[in-house]
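Each remark here refers to the structure printed beneath this line.
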Amino acid sequence: MKYFHQVIQEHKDTLDENEDLDFIDGYLKKISHSGSEENYNMQYLVGNMTNLFGAGTNTVRTTVLWHLLNCARCPQEIQEKIQKEIDVCQVPARNSGKNPEGN
252 MKYFHQVIQE HKDTLDENED LDFIDGYLKK ISHSGSEENY NMQYLVGNMT
302 NLFGAGTNTV RTTVLWHLLN CARCPQEIQE KIQKEIDVCQ VPARNSGKNP
352 EGN
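FYI, the numbering for the sequence shown is 252 to 354, going by the numbering used here.
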């Protein structure tokens, strides 16, 4: 949460009323222009930031977990497929073993 509060403070310090650079700028303006009866406040802003940030990390976590479980289920087959894909995408190393000093 400390990180989110730091980011919000940076946005407050550089806020331009004529331009919204991102979600936080727009939300800060909404807070300043809304009355106390509306649900726009700093607590909700931090909550929304947490939800947006968490949404990305949850999908990555789930994907990594799924792949690890799949590797445990069929280790040889899956590892061979992964290695083939890595071999296709891999950039050749500078030191391929031909020159032990490198370069």
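Built from N, CA and C at the ideal position, the CB exists for glycine as well.
Would you tell me roughly how many angstroms separate the C-alpha atoms of residue i and residue j, rounded to the nearest one?
i    : j    : result
Q260 : N309 : 26 angstroms
R312 : L319 : 11 angstroms
K335 : A323 : 18 angstroms
W317 : V297 : 30 angstroms
E268 : G307 : 29 angstroms
D271 : I337 : 42 angstroms
Q330 : V339 : 14 angstroms
L303 : F274 : 10 angstroms
Is residue i near the ligand NAP, with its Cβ less than 7 angstroms from a heavy atom?
i    : result
V258 : This structure simply doesn't include the ligand NAP, nor any ligand for that matter.
DSSP puts residue i in a beta bridge; with which residues?
i    : result
E270 : D267
Does the CB of residue i have a neighbour CB from chain B at under 8 angstroms?
i    : result
M252 : In the structure shown, chain B cannot be found, because there is only a single protein chain.
Identify whether residue i lies in helix, strand or coil by the three-state DSSP scheme.
i    : result
C363 : Past the edges of the chain, shown from 252 to 354, lies residue 363, and the structure says nothing about it.
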